[in-house]
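Q: Sequences listed follow chains A and B, in order. Those letters in the first sequence? Residues 327 to 615, by my numbering. Those letters in the second sequence? Residues 2 to 896, by my numbering. Quick reminder that beta carbons are idealized off the backbone N, C-alpha and C, glycines included. I have a structure I would like to understand better, so I am pasting it below and will then ask my questions one at a time.
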Amino acid sequence: MKRRDFLALSAGAAAFSILPGAVRAALPVPYDRNAEVPVNDKKAFIEWMVANRGEDPKFLAERFDRFQIMVYNKDVLDDRNKRAFLSTPREEFVLPQNLGRAYDHAFLDIGYGVTISGPHLVGRMTTVIDVQFGEAVLEIGTGSGYQSAYLANLTDKVHTIEIINPLAQRTRRTYDALIDRGYSVFGSVTSRNADGYYGWESVGPFDKIIVTCGIDHIPPSLLQQLKPNGVMVIPVGPPGAQHVLKVIKQQLADGTFNIVRSDIYNGKVVPFVPFTKMEGDQIVGTHNS
Amino acid sequence: MAVVASTSRPSIASLEAPRLAHYLAVGLIAGAIIALQISVMRVFAVGSWSHFGSLVVSLAMLGFSLSSVVIFAGKDWFDKHWQGAATSALLLIGPLAVGSNLIAQTVPFNAIFLVSDPEQKWRLLANFLLYLLPFLAGAFFLGIVFLKSRTAFGRVYFADLTGSGLAGLVVLVSMYLFAPETIIVVPLLLWAAGSLLWFSAFSAWKSVVAGAAVAALSIAGYLILPGLLGIPDIAVSQYKGVAYARNFPDGKRIYRSVSPFGDLQVYASSYMHFAPGLSDNAAFGMPEVPANTYVGMYRDGDGPEGIMRNLAPAEQVYFRYLPMHYPYVIKARPKTFVVQFGGGISTQAALDAGSTSVTVAESNPMTLRAFRDPILKDVTGDILAEPRLKVIDYDGRLFLANTTERYDVIDLSLADSVGLSNPGGFAISEKYAYTHEAMLSYMHALADGGVLSVTLWNKEEPPKSVLKLYSTIAEAARTFDSQGAANDIFAVSSYLSTTTVLFKRGGFTEAEIKTLRDYTRSMSWEEVYYPGMAYDGSTAQKILDDYRASIFGSGEDATLTQPAADATAPANPDCDPTAPADPTLDTCAGAGGDAGPQVLPATALERMAWHALLTGGWERLASDYVFDAHALSNDQPYFAAYVKVADLPRTLDRLDLFQDDWGYLLIWATLGIACITAASLVLLPVLFGWRIVFSRSRGKLGTILYFACLGLGYIMVEVGLISRFTVALANPTVSASVLISSMLVFSGLGSLFAERIFDRARTLLPVVLLAICVLLLAYGFTLSLVLDWIGAYPYAVRLLLCFLLVSPPAFLMGMPMATAMTWLARLGKEHLFVWAWGINGCFSVIGSAAVPIVATSFGLSAVLQWAAIAYLVAIPAFFAVLLPSKAPAVRLVTA
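If you want it as C-alpha cells, here you go:
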C-alpha cells in the first residue's frame with residue numbers, strides 16, 4: 327500500500343473510531359442501488375464508499391480483499407453481482423465477537439445453531455440464480471439477513487422466511503436499524519417468521535428461490551411456487567465443504583414440468599477452493615497452510 | 002535401600018499388610034475412575050459429539066503416565082510422605098470431577114468451527130485440561146498405592162482391575178436410572194464409598210469425617226450448583242439436532258427414556274418434515290403433502306429420525322414418491338422383511354404397498370419400547386399392533402442369517418442415518434448391516450425371484466459412501482451368482498439425495514426392467530445401472546482425474562485459469578458455465594443436445610463404477626479414484642475413513658473439505674499426541690539422570706519394550722473386541738460395558754492367580770504369553786462366525802455368552818503384568834517399577850488410538866493379530882525384566 331493511501335485510510339479509520347458505536351451516523355448520500363460502485367480499484371472503492379455510505383474503511387478494505395479472491399475464484403462474475411457484494415456491509419450481520427473475522431472465508435456462528443455462510447458460498451449461490459431487477463426472490467432461512475441484504479441490491483422483491491422466532495426478530499431489527507440509517511435498499515426485504523417448508527404462497531410464485539437450511543428433500547410447495555423455468559439453489563453437505571444443488575423447473579412443450587437437478591457448474595468437476603488468501607494484491611496459498 | 006533378589010518374602014517398605022478393606026477401597030476408587038470415564042463420554046455424546054468425548058477421555062488417561070513420571074522423579078519424597086499425598090489425591094478426585102465438569106460447561110467448544118475459528122482450539126484444550134484433573138488425582142492415588150504395596154502387586158492389581166470391571170457394569174445398569182445430566186453421581190458415589198473405606202482401614206477417623214464432608218459437598222455441588230450459578234447441566238450444542246427441535250415455536254418433548262442404549266427423546270412440532278429421498282415430481286403428482294405427519298426421534302440429541310403417523314387412504318399416494326417403494330413396483334402382495342424398523346417409514350411403505358406380511362427387525366429395545374408407549378401409539382396409530390406385522394427384537398441381519406424363512410422383498414433403507422448432514426462428522430462406527438456378509442445373508446433369505454432393495458443417502462460430492470455400497474453389493478452379487486450377477490442388479494440415484502440398488506434373485510426380466518425404468522423416469526430419478534444398459538467410457542479417466550484435482554489440486558488448474566475454454570465445458574458451444582445470464586443457465590442445463598440434460602459427473606461416476614464392478618476394471622478405478630471405495634466387510638465395516646492413508650498429509654492445508662471424516666482424522670491426531678507423550682515419557686528419565694537412577698537396573702530397554710507390548714496388546718484386544726462384539730450386542734455402549742467389565746474382571750482373576758506362578762515365572766510366563774498369542778490369532782479367525790451365532794439368542798443369553806467368550810484370553814492377559822511388576826519389586830528395581838506403570842499406561846493410549854486406524858486400514862482381525870504379535874514380542878523382552886539389578890551392569894555406568 328502506498329504511504330499516501332495508508333495515511334488517508336488511517337485518518338478515515340480514526341475519524342470513524344471516535345463515533346460512538348451504538349449511534350451510527352446516517353448515510354452521507356441517499357442510497358442508490360444502481361450507483362456505480364468502483365469495482366476495479368481498492369482505493370477508489372474505499373474512498374467512494376466512505377464518501378457515499380460512510381462505512382468503516384477497515385471493513386471496506388477487508389471487503390475488497392475478499393472480493394478480489396472471490397473474483398479470482400469465479401464466485402462473482404458479472405458487474406451487477408460484483409457491485410451487490412461490494413455494497414453489502416457484511417459486518418452489520420455478524421455477531422460482535424466475530425467482527426474481526428467478518429470477511430474471513432469461513433462461515434460464522436450467529437447463535438441458535440445457525441451460521442452465516444462464508445462470502446464465497448453466498449457469492450456463488452447468488453451468481454447462480456442470476457437475479458434480474460424486478461424478479462421475485464424467496465429465501466428460506468433468513469438467518470443473519472446477509473443473503474437477503476445482498477439480494478436487495480439486485481432486485482426490489484426479496485422475501486425471506488425464518489423459522490426461529492427470536493432470530494427472525496433480531497434480524498428484522500438489524501434491517502430496521504440499517505434502514506433508519508439510510509440503507510433504504512433493505513426496504514425491499516420482506517421478512518417473516520414462519521415455517522419455510524410451505525413457502526409463501528400469498529406473494530408467490532417466485533422467479534428464484536434460495537434455500538439455506540438443511541432438509542432431506544426439496545419441499546414440494548417450494549417447487550410449486552417456483553415459476554416455470556425458475557431456478558432454486560440449495561447447499562448440501564457439511565459446512566465449509568458445501569456443494570450447491572441447482573434445481574431447474576423446466577417446462578416441457580406439453581406444458582408439464584420436469585425437475586432437473588444439477589450442480590452449479592453445469593456438470594463440471596471444479597476444485598473446492600474456499601480458502602485462498604491474499605498477501606498485498608497477490609493471491610497466495612491457502613488459509614490452513 | 003535394602004534389596005533382596007529372588008526372594009518370595011517382601012522386605013522393602015510397603016503399604017503395611019493390606020487388608021480386605023484396602024483392597025475394596027482400591028477397587029472402588031479404580032471403579033470410580035472408569036465410571037467417570039464412561040460418564041464424561043456420555044456428557045460429550047449428549048452435549049456435543051461423542052468422538053470428541055473419546056478423544057478427551059483417552060488423552061485424560063495420559064494422566065496415569067504423567068503421575069508416574071512425577072512419582073518416579075520424586076520417589077523418595079513419595080516414599081516418605083505417601084500417606085499425606087495419597088489422602089490429598091483421594092480427597093481431590095470428587096471436587097475436581099465436579100468442578101471440572103461444571104467449568105467445562107462454560108467453555109463448550111464447537112466441532113464445526115474447529116478449523117475456521119482459532120478460539121475453538123483453545124476451548125478444546127481447556128476441556129482436555131479440565132477433564133484431565135480428576136483423572137490425574139485418581140492416577141496419583143493409585144500410583145502411590147501401587148508404589149507402597151509393590152510386593153503385593155498381584156492382589157492390589159486384582160482389586161484395581163476387578164473394581165474397574167464391575168464399575169463398568171454398575172454404570173451400565175445406572176444408565177437406566179440416571180440421565181446424562183446426573184450420571185456423574187455414579188462415579189462420585191463409588192469414590193465416596195472408596196474414600197471412606199480407605200480412611201476407615203487406617204482407622205483415620207478424622208479423615209473419615211473430612212472425607213464424608215467432602216463427598217457430601219461434592220455430590221450436592223454437582224446436583225445443585227448448575228441451577229444456582231445458571232450454568233447448564235450439560236451445555237448442549239446449538240448445532241445438535243435436538244437443539245433445533247427445542248427452537249421450534251411449538252416444539253414439545255412428548256417422550257423420553259434413558260438407558261444404556263442412549264437418551265431417546267421424541268419431539269412433536271408442526272415444523273417437522275421428513276420425506277427421505279422424496280421425488281421432486283411429488284410437487285406435481287401429489288395433491289398435497291400430508292401435513293403434521295411426523296414427530297422427530299432423537300438419540301443422544303442426534304437426529305431427527307421421523308416417526309410417521311397413520312396416513313389417511315387419500316394421502317397414501319405419498320409412498321409412491323419415496324425410493325423405498327421401488328421393490329413393490331415389480332412385486333405385488335409380497336412377503337416382506339424390513340431389516341431395520343427405525344422410525345417406521347419403510348415399514349409403513351411395505352404395508353401400504355400391499356405386503357401380505359411384514360417382518361421387521363429392530364435391535365434397539367428402547368425404540369420398540371417407545372413405540373409401545375401410549376403417547377407414541379397415539380401418534381403412530383399403534384403400528385406395532387398391525388396384524389400383518391411381526392417384530393423381531395434383534396438385528397435383522399442376524400435373523401436373516403439364521404432363518405429358514407424366505408422373503409419376496411427385503412428392504413434396507415437409510416438404516417442408522419438421518420437425512421441432514423451431521424456437522425460433527427461421522428465417528429468411526431461399524432455398519433454391520435451394510436457389509437458383504439450381511440448382503441449375502443439378505444440374498445440367501447430371498448425367495449426365488451425375490452428382491453433385495455437397499456437405499457442409502459447420496460449427499461456427498463464427490464461421492465463416497467455410495468461407491469462403497471455399490472462395490473459391496475456387486476461383490477456379494479458376484480459371490481452369490483457368479484454367472485448372472487450382471488442381470489441381477491438395477492440401480493438408480495438422485496443427485497445429492499438418495500441412491501437405491503435392487504438385487505433380484507434369478508435376474509430381472511425384460512418386462513421388469515421396462516417397468517422399473519418407466520417408474521424411474523416418472524420420478525425424475527437417474528438410472529445408473531440396469532441389465533443391458535449402454536455404456537460410454539470415453540470420459541472415465543477424465544472424471545477420475547478431475548475429482549482428484551478437485552480435492553487435492555492446487556485450485557489453480559482447469560476451471561480457474563482457463564474457464565471458458567475448458568475442455569470439460571459442455572459440448573454445447575452456447576453454454577459458457579461461467580457466463581451469468583439466465584438464458585445461459587437454461588442452455589447449459591439442456592447442454593448435451595437432444596439426449597436431454599447432460600450427465601452430471603457424479604452420475605457418470607456411478608455408472609462407471611457399476612460397469613467396472615460387473616464387467617471388470619474395478620480395482621483400477623478404485624485405485625484411481627480420489628477416495629477409498631472398497632467394499633464393506635465384517636472385518637472392515639466402515640463407511641467413514643474414506644481418505645486414503647497416503648493422502649493424509651495432503652489434507653492438512655484443507656481440513657475444511659474433510660469435515661465429514663473428522664472422526665477418522667481426530668483418531669490420527671490422538672495417536673500423534675499419544676506418541677509424542679510416550680516418546681517424552683521414555684526420554685524424561687534420561688533428562689532426570691538415567692545413569693544414577695538406573696545404575697542398578699539392568700535390562701532397561703527390554704523392560705520398556707515388555708511393558709509397552711503389554712500396554713499396546715491389552716488395549717488393542719479390549720477396544721478391538723468392543724467393535725467386534727457390537728455384531729452380537731447390537732449397541733456400542735452395551736458392547737463397551739460388557740467387554741470392559743469381562744476383560745477387567747477376568748484379567749483381575751488372572752493377576753490373582755499369577756501369584757501361583759511367580760516363582761516359576763521364568764518358565765511359565767513365556768508359555769502364558771504364547772498361549773495368549775495363539776488364542777488371539779484363533780479368535781481373529783473365528784470370532785465373526787461365533788458372534789453371528791450368538792447374535793440370534795435372546796439378549797440376556799447373548800450378554801452371558803459374550804461375557805464368557807472373553808474370559809479365556811482375558812484371564813491369561815491378567816498374568817503378565819502382575820508377574821513382571823512383582824518381579825521388578827522383588828529385584829529392587831523400584832524406579833523401573835513406577836516407570837513401567839507409566840509406560841504401560843501411555844502405550845494403552847497409543848493402542849486405543851491405533852485400533853480404529855488398524856481396523857479401517859487392515860481390518861478388525863488385523864487388530865487381534867497385531868495384539869498377538871505384541872504378546873509374542875513380550876516373550877524375549879520378559880527375560881530382561883528378570884535380570885538381577887546388581888552386577889556387571891555397573892561397568893556400563895562407570896564407562
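Threshold first: 3 residues or longer. Then list the beta strand (DSSP E) segments lying entirely within the region 94–181 of chain B, N to C.
A: none
Q: Indicate the three-state DSSP secondary structure (helix, strand or coil) for Gly439/A in the structure shown.
A: coil
Q: Does the beta carbon of Glu462/B come closer than 8 Å to any beta carbon on chain A?
A: yes
Q: Going by beta carbon distance, what residues of the same chain come within less than 8 Å of Val570/A, once the five residues before and after it are set aside?
A: Leu447, Arg450, Met451, Val454, Val559, Ile560, Pro561, Val562, Asp589, Ile590
Q: Going along the chain, which residues of its own chain have a beta-carbon closer than 6 Å to the beta-carbon of Lys408/A, five neighbours each way excluded?
A: Val365, Val402
Q: Spatial neighbours of Asp374/B within its chain, please: CB distance less than 7 Å, with the 5 preceding and 5 following residues excluded, ordered by chain position.
A: Tyr256
Q: What residues in the region 493–509 of chain B bring their beta carbon closer than 8 Å to a beta carbon of chain A?
A: Within the region 493–509 of chain B, the qualifying residues are Ser495, Tyr496, Leu497, Ser498.
Q: CA-CA distance, Val471/A and Tyr268/B?
A: Here residue 471/A is Gly; the residue named in the question, Val, does not match the sequence. One C-alpha to the other measures close to 28 Å.
Q: Can you give the Cα-Cα distance for Thr486/A and Arg389/A, rounded to whole angstroms?
A: 24 Å
Q: Flag Pro616/A as yes if its beta-carbon sits less than 8 Å from any beta-carbon of chain B, otherwise no.
A: This structure gives no information on residue 616/A, because the portion of chain A shown stretches from 327 to 615.
Q: Roughly how many angstroms lie between the CA atoms of Asp558/B and Ile585/A, to the nearest whole one?
A: At Asp558/B, the pLDDT of 39 sits below 50, so the modelled position is not reliable; the number obtained from the coordinates is stated separately. Approximately 32 Å, taken between the alpha carbons.
Q: For Tyr177/B, count neighbouring Cβ atoms within 10 angstroms of its own Cβ and tell me buried if that reaches 16, exposed if not.
A: exposed
Q: Please name the residue, chosen from Phe147/B, Met814/B, Val410/B, that lies closest to Val775/B on a Cα-to-Cα basis.
A: Met814/B
Q: To the nearest angstrom, how far is the alpha carbon of Gly460/A from that of Asn293/B?
A: The straight-line gap separating the alpha-carbon atoms of Gly460/A and Asn293/B is approximately 35 Å.
Q: Gly155/B to Thr163/B, Cα distance in whole Å?
A: 12 Å
Q: Mapping DSSP to helix, strand and coil, what is Arg518/A?
A: strand
Q: Please decide whether Pro885/B counts as near chain A, where near means a Cβ-Cβ distance under 8 Å.
A: no
Q: How is Thr421/A classed by DSSP in three states: helix, strand or coil?
A: What sits at residue 421/A in the sequence shown is Leu, not Thr. DSSP places Leu421/A in the coil class of the three-state scheme, outside both helix and strand.
Q: Are the Cβ atoms of His445/B and Ala477/B separated by less than 8 Å?
A: no
Q: Name the residues in the region 262–282 of chain B whose C-beta lies less than 8 Å from a C-beta of chain A; which are they?
A: Ser271, Tyr272, His274, Phe275, Ala276, Pro277, Gly278, Leu279, Asp281, Asn282
Q: Three Cβ pairs or more, each shorter than 8 Å: is that satisfied between the region 332–347 of chain B and the region 361–373 of chain B?
A: yes
Q: What would DSSP say about Thr582/A, mapped onto helix, strand or coil?
A: Residue state, collapsed to three classes: coil.
Q: Tell whether a beta-carbon distance below 8 Å holds between Val243/B and Gly304/B.
A: The Cβ-Cβ distance between Val243/B and Gly304/B falls below 8 Å.
Q: What span of residues does the beta strand (DSSP E) with Leu468/B cover, start to end?
A: Looking at the DSSP string, Leu468/B is not in any beta strand (DSSP E); the run it does join, the alpha helix (DSSP H), is 466–481.
Q: When the Cα of Val529/A is compared with those of Val515/A, Ile541/A, Val537/A, which residue comes out closest?
A: Val515/A
Q: Residues of the region 225–245 of chain B with a CB closer than 7 Å to any CB of chain A: list them in chain order, please.
A: Gln239, Tyr240, Ala244, Tyr245
Q: Do the region 539–559 of chain A and the region 501–520 of chain A make contact, defined as three or more Cβ pairs closer than 8 Å?
A: Judged by Cβ distances under 8 Å, the region 539–559 of chain A makes no contact with the region 501–520 of chain A, as fewer than three pairs qualify.
Q: Please state the DSSP three-state secondary structure of Gly897/B.
A: Residue 897/B cannot be examined here, being either before or after the span of chain B that is shown, 2 to 896.
Q: Contact criterion: CB-CB distance below 8 Å. Does Met287/B meet it with respect to chain A?
A: Closer than 8 Å: yes.
Q: Determine the contact status of Leu614/B and Tyr471/B, defining contact as a CB-CB distance below 8 Å.
A: yes
Q: Could you tell me whether any Cβ in chain B is nearer than 8 Å to the Cβ of Ile490/A?
A: Interface criterion met: the Cβ of Ile490/A is under 8 Å from a Cβ in chain B.
Q: Determine the contact status of Arg398/B and Ala448/B, defining contact as a CB-CB distance below 8 Å.
A: It is not a contact, given that the beta carbons lie outside the stated cut-off.
Q: What residue range does the beta strand (DSSP E) around Tyr295/B cover?
A: Looking at the DSSP string, the run of the beta strand (DSSP E) that includes Tyr295/B is 295–300.
Q: Among all the DSSP beta bridges, which residues are the ones paired with Leu413/B?
A: Val455/B
Q: Should Lys515/B go down as buried or exposed, given a rule of 16 or more other Cβ atoms within 10 Å for buried?
A: Exposed is the label assigned to Lys515/B, since fewer than 16 other Cβ atoms lie within 10 Å of its Cβ.
Q: What's the gap between the Cα of Lys378/B and the Cα of Tyr523/A?
A: 26 Å
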